[in-house]
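Notes follow the structure.
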Amino acid sequence: MKSYALLPSLPLGLIVVSMAGAAEPFALRDDDRVVLVGSTLIEREQRYGYWETALTLSYPDKSIIFRNLGWSGDTVFGDARAGFGTQVDGFRQLKDHVLALKPTVIFIGYGTNESFEGAKGLPRFVKGLETLLDTFAPLKARIVLLSPLKQEDLGLPLPDPAENNKNLRLYADAIGEVAEKRGHRFVDLYDLLGREKKPLTDNGIHLTSDGYMRSALVLQKALGCPHASDFGAIGDNKRIEKLRQTIVAKNRLYFYRWRPENETYLFGFRKHEQGQNAREIPQFDPLVADKEIEIAKLRVAAARLNQPKAEKKP
Amino acid sequence: MNEMMMQNGLLSARSANKGRPCWRCGLVVVLLLACQSSVFAQRDAKVPDPDPEIERKALQAADGFEVNLFAADPLLAKPIQMNFDSAGRLWVACSESYPQIKPGQKANDKIIVLEDTDGDGKADKTTVFANGLLIPTGIEPGDGGVYVGASTELLHLSRPEGEKGPLRRRVVLSGFGTEDTHHIVHTLRWGHDGNLYFNQSIYIHSHIETPYGPRRLGGGGVWQLRPETGRLEVFARGWWNPWGHHFDRWGQSFVTDGAGTEGVNPVIVGASYTATPREARVLQGLNPGHPKYCGCEILSGRHLPEAWRGSLLTHDFRGHRVCRFTLTPEGSYYSATLQADLIRSNHPAFRPVDVKMGPDGAIYIADWYNPIIQHGEVDFRDPRRDVSHGRIWRITAKGRPLVPRPKLVEDRTADLLEALNAPEDWTRHHARRVLKERGKKALPELKEWTEKHDEETLRLEALWTYQSLDIVEPKLLASLLEAKDYRVRAAAVRVVSAWHERLSDPLQMLTPRIDDEHPQVRLEAVRALGQIHDVRSAELALKSLTKPIDKYLEYSLWLTMRELGPYWLPALQAGKFVVPDARQLLFALQSVDSRAVLQPLIELVRSGKAGANTVGVLAFIATLGGPQELALLFERVVSPKQTVEERTRLLEALERAMRQRNLRPAGDLARIVPLLKTDSESLQIAAARVAGLWKLEAARTRLLELARADDTGDALRRAVIDGLAALGGSASIEALEKLADRDDSSSRRILALIALVPLDAKSAAHRAASVLSKLPNELAATGVFEAFLQRKGGAALLATALREQKIPADVARIGVRTVRSTGRPDHGLVEVLTKAGGLTFGVRTLSPKELNAMVADVARIGDPARGELVFRRKDQVCLKCHAIGGAGGQVGPDLSSIGASAPVDYLIDSLLQPNKAIKENYHSLLVTTKKGQQYSGIKIRETKTELVLRGAEDREIAIPTKDIDEKSPGGSLMPDGLTDTLTRGELVDLVRFLSELGKVGPYAIGPRRIVRSWQALEPTREAWSFLHLGGGLATPFKDERGLQWGSIYSTLSGELPVTDAYSFSLGKDKRAVSLLRCHIEVTTSGPFVVRLNSTKGVKLWIDREPIAVKESLELNLPVGIHTLTLVVDRDERERGLRCEVEDKNGSPARVRIVGGK
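Protein chains in written order, with this note's numbering: chain L, 42 to 355; chain A, 4 to 1160.
Okay, here's the thing in structure tokens:
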């Protein structure tokens, strides 16, 4: 593992968190069910787990369930979830998946894929986002809207991101406006690291493991979550690493549960042949639950060690 | 707290997934019929002894070749794909968790590296490079590690700190679909151009984010990725399971399909192939009717005999064969000819899945080693699934020296450049890879080397090296565009396409190539222009029309013009699209679906510039135009100045416009009524249909008159009755009832009854018993039953009406079969029919004990020769739906290798319970229309305007998309109880016959081109009058129209029993004569040979000319499909008829036999 001493000195001032209408500060509560939904940015977080670890450590004594429903290439219209069907089916899946989990908190990370439609596509995107938020409204969940990331300029042979970034900024701002209008929290990740030189991605658009770790801290701070200043120790702390790995393992089991391979045979149009094997899929539930118990133990231990010294009682 | 967690765990998204609503609407349902499978759920054969030596001895290699074991379990298990790295190490993706991760199981699939350090042809070092993977389906080493396709991701795995250092996993791409674990990203390959190619199969829906925007592919296809720039594009679309892809020496791609049946597919960049979802126009493979193939490698190098170099190897993994094709350029495309197998075997677990040339010039084969293949038909957890074995076999040519293993990785750049001159594709490919990975520091030497060489092939290697390094070299490119060898020019054109954004004037570079003397170069140029988004590209591409156009060039130009539509269409509207002649403009206008082309097309028609294409252009206009445009067609239809053929075609176009888009021409449509009185039957037929659809009351009287008249021909009567039915209303119902009530056995009654069903199913049901009791022949009953089954609630009404009735037993039998072949049979109706027909049979079932006994008897006393006779019996209707070697019906799967892939108990199950396991692509689709009709069939294609199914009667059913109310998946179209009329002994023989199909022996279809699909003249009124007018057939054929030909098929041995054909009694001496015909397609003309087993009693016509018949007949026919008609005097001929096509040495001719039904 590398050293992350740099982290506490990040120019966090650049991260804009809009809280218009959200009178109380962001906090996770006991029994919260947090759903993350969006495109690759969200989907890959489950593989690294840094965001979830950071948020877990901010509330070590709270029992919180995290479920990642990110899907690469997705849009506010549910394009990537259409399967054999159309966009309409994709959106229905998006809606059904989120509503079935009855979340109390939803992180929404869209806009990257839509931004390739440029300024002319913006009104349609805003409308799509509003429709999505209307769809989630009956849940009365606390909603956090994330902006897309800026495309990093990593030089040749990767493409010059200047044009894409104009659009990404446009879409990020639009998301911010929707958040403000509807009284949702908004985290602007566009300038995630400000002047920090070290890239967060290896292709300009997708966070690396390191990128997730560094952005986790940013997200934690931006939301005003506690213990942010000590989260920088994450890379060196074996207990935190154990917690993170357990979170990743839980996410993997949950992935097998909600997006199993062989859908066609298990639940799709060939289920009359191999549908009997679908009985295995709910058998992942107790395995996920076991991991949650492990996480509950680990988060308390990890947080204890992570307490700022000044707060420790003599 | 635990409780809460449990609760949350259960709150997963799966509950939402259950009633996935998408199955009802846009779903691409790709479905199948039972009776063939890759399954091996065996009771008869034991799981084989896993000793590799036993397996090796069971592998029969072609003469001159031998097989040795390179590596085997426990060093590796379940290899899926393999590729060599430039150091000559073999990287293998292995999966023990296929087909599905078990709850509680840790995904621990491996990447294994095999090395033969001492060069003795056996791996002596094995390294587990990575583990912890979930079903890695594709592998290709490179860029300091290895690319692996697994689950939703394409990963790059590396150990930057050395073999023992930690594993670094980088997600290169994510968002690949996983809807089927043998469809997930597979077949990774570095291209000659530095791109990484990989494939996905038909159920996969991928949504990938790239720095250039999201890329989506739903269905099968080939992806193209340049890892360092992150650019990802779709290289080609289609196929079911494109499990093989390789490039030939000239950079041309070839794809094989592990679930399709079309053999080898040369790839046109950007084209769509068989099974592309929602694509109206697709290209087919070169070998329709072939088994499924897995893997693809083009052979090269000094070790192999010269005749083998350039051949393509692929695996009939179901039939335990390694197959070889020779590839021959043909026009702008290729032909592929199957040669004798490289390996054949009856070892039940030998499953060749991948094939690669090795660094030593030998052939390496990955053997997945499994008695059970596939997981669609066999339970995921079937205990007989093998999870622990796997082999890599190495095949060498006896007595020929191996190729010295090139070093490459340690070589100096100069040596690598020299390696670009090697005869082995392997060496050149890896030299290029190493140069690419060395990066720009190799450039000065590359430049010098390129300048030093003027051989075109070497300079092409240099060009590809530059392309791999992504360095644009316009001068080198320009020189190769002028190469003498057309294959080099074609390759160079493709580079123009890749570099066009960085070339100063790519259009200028392509201009001479559009006019190239070789069609393949013109094809590449046309496709390259599709990438250059400019109106001038479209103008230039159209110039290819000034040279001869074959069907692949035509397709390519159509595709390019579609891709460029957004650029030339606005220019056209602005008057800035400069096309020199009407033909080019016509082509362009007919390539896009935009209404913007209507006006220019109409102008071309009006000015007469459409010339001979006028009718085709008008028919095209009818696919896009509104009432005003349709009126143009209508005016011509009613004008006696046009020919009957033209008017008929235009009427048919108007009929489609009405059916698909609900549009009528503007104006007084009643002017069509006089056409119902013309003396042209085809015109009358077309007019009758249209008049009904347009609801022209003015036509009713005449339609009724024709419907009633005794001398109305069958085809016209059918159209007229359809017209009346479409006209609808109580008058139509009444008229149809009257026709159906006539107390005779005419086809008129049946047609009227069928037409009545959609209008008043109750009334029709009431009349059904009477009609069914008096049929001209029992087969006519099929249509009646179909009509009721196709009506919502029709089956129940018919059941009620027939409940206390009696109908002939054979009619009832046909009824039961028809009901059972709907994919969702109505059991109530089956019961009623059984009773009404006094049938005694029920569906035969076997207890496990009886099944075991039958399995034993199949091996002990089953006689395949007798079984073949049962299979061929007309009342068994096997051939109506199933082909063997491409000859037979198309409804169910071809059975050529069923015996080699399916165990005996599975065969018995499939015959008795067709719905138990259904072959991929053979599920039925049930479609209900808004008008309450319901259809079932196998989906053949779907476009924006219509869905086409193939029904159990092997007829295409076109359903306009706008009429579809609901679609749902159904079961097999194969009816239960088909074999119920067989004795146990006959069933045992039939199973024995099926179990021999494809096994080494007399029941395997070989590569010889034998005519297996024949047509025999049927004894209709027209046939008799034709034969009498034919004057004993001494003169050329005259009018053949109206003749009906029925399908008959050769036996496995290749002989057609002439007794299967109808025998006409002709002439004064009442000779027994049969008329037979078959079709051959010439794709390149030249001399070839047609061989008959004997000429005794045979007279031959080719097309309409009599030919002096000989046993070995040399022919030279023009390109196209030709008909061979044989008149067989059965009094003179005792033996069957065998006819085959052979090549003539040195001749360029390419001839194939047209199969099917």
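Beta carbons: idealized from backbone N, C-alpha and C, even for Gly.
Judged by DSSP secondary structure, E520/A falls outside any beta strand (DSSP E); it is assigned neither H nor E. Interface residue (Cβ-Cβ distance to chain A less than 8 Å): D115/L is classified as such.
Exposed is the label assigned to G402/A, since fewer than 16 other Cβ atoms lie within 10 Å of its Cβ.
Of the candidates K207/L, K283/L and R74/L, the residue whose Cα lies closest to the Cα of L180/L is R74/L. In this structure, the CA atom of I1105/A is about 7 Å from the CA atom of H1125/A.
At least one beta carbon of chain L lies nearer than 8 Å to the beta carbon of Y206/A.
Contacts between V174/A and chain L, judged by CB atoms closer than 8 Å, involve R85, R88 and H247 in chain order.
Taking 4 residues as the minimum length, the alpha helix (DSSP H) runs contained wholly in the stretch 539-619 of chain A are 554-566, 568-576, 585-592 and 601-609, in order along the chain. Boundaries of the alpha helix (DSSP H) around F788/A: A784 to L792. According to the DSSP assignment, F1067/A belongs to the beta strand (DSSP E) that extends over F1067 to L1069. In this structure the stretch 104-121 of chain A does not touch the stretch 56-68 of chain A; the number of beta carbon pairs closer than 8 Å is below three. Close to F325/L, with beta-carbon spacing below 7 Å, are these residues of chain A in chain order: P106. Residues of the stretch 177-209 of chain A that bring their beta carbon within less than 7 Å of a beta carbon in chain L comprise S177, G178, T181, E182, D183, T184, Y206 and H208, in sequence order. By the C-beta criterion, the stretch 974-981 of chain A is judged not to be in contact with the stretch 1012-1026 of chain A, since fewer than 3 inter-stretch pairs fall below 8 Å.
In terms of Cβ geometry, L997/A and L1118/A do not form a close pair [threshold 8 Å]. For the set N154/L, L230/L, D251/L and S99/L, the Cα lying nearest the Cα of R172/A is the one of D251/L. The Cβ of Y253/L sits no closer than 8 Å to any Cβ of chain A. Within chain L, no C-beta atom comes nearer than 8 Å to that of A905/A; the closest sits roughly 15 Å away.
Looking only at I149/L, F157/L, D331/L and A342/L, the smallest Cα-Cα distance to K279/L is reached by A342/L. Measuring C-alpha to C-alpha distances from Y200/A to each of T837/A, A239/A, T181/A and G180/A identifies A239/A as the nearest. If you ignore the 5 residues before and after G629/A, its C-beta comes within less than 7 Å of the C-beta of L666, all in its own chain and listed in chain order. DSSP places F132/L in the helix class (H, G or I) of the three-state scheme. Contact annotation: in the stretch 920-943 of chain A, residues whose CB is within less than 8 Å of a CB in chain L are A920, I921 and H926. In this structure H432/A is buried. Its beta-carbon is surrounded by 16 or more other beta-carbon atoms within 10 angstroms. Secondary structure at A1075/A: strand, using DSSP grouped into helix, strand and coil. Contact residues of the stretch 98-126 of chain A toward chain L are P102, Q103, I104, K105, P106, G107 and A110 (C-beta to C-beta distance below 9 Å). The bridge partners DSSP lists for R1080/A are Q1018/A and T1128/A.
If you check the CB distance, H225/L and V185/L come in under 8 Å.
Using a CB distance below 9 Å, the part of the stretch 215-248 of chain A facing chain L consists of Y215, G216, P217, R218, R219, G221, R229, E231, T232, G233 and R234, ordered along the chain. The Cβ of F310/L sits closer than 8 Å to at least one Cβ of chain A. Nearest CB-CB separation between Y91/L and chain A: not below the 8 Å threshold. Here DSSP, grouped into helix, strand and coil, assigns C1142/A to strand. At a cut-off of 8 Å between beta-carbon atoms, Y231/L makes no contact with chain A. DSSP, read as helix, strand or coil, puts E69/A in strand. Of all residues in the stretch 203-223 of chain L, none is placed with a Cβ closer than 7 Å to any Cβ belonging to chain A.
At a cut-off of 8 Å between beta carbons, Q286/L makes no contact with chain A.
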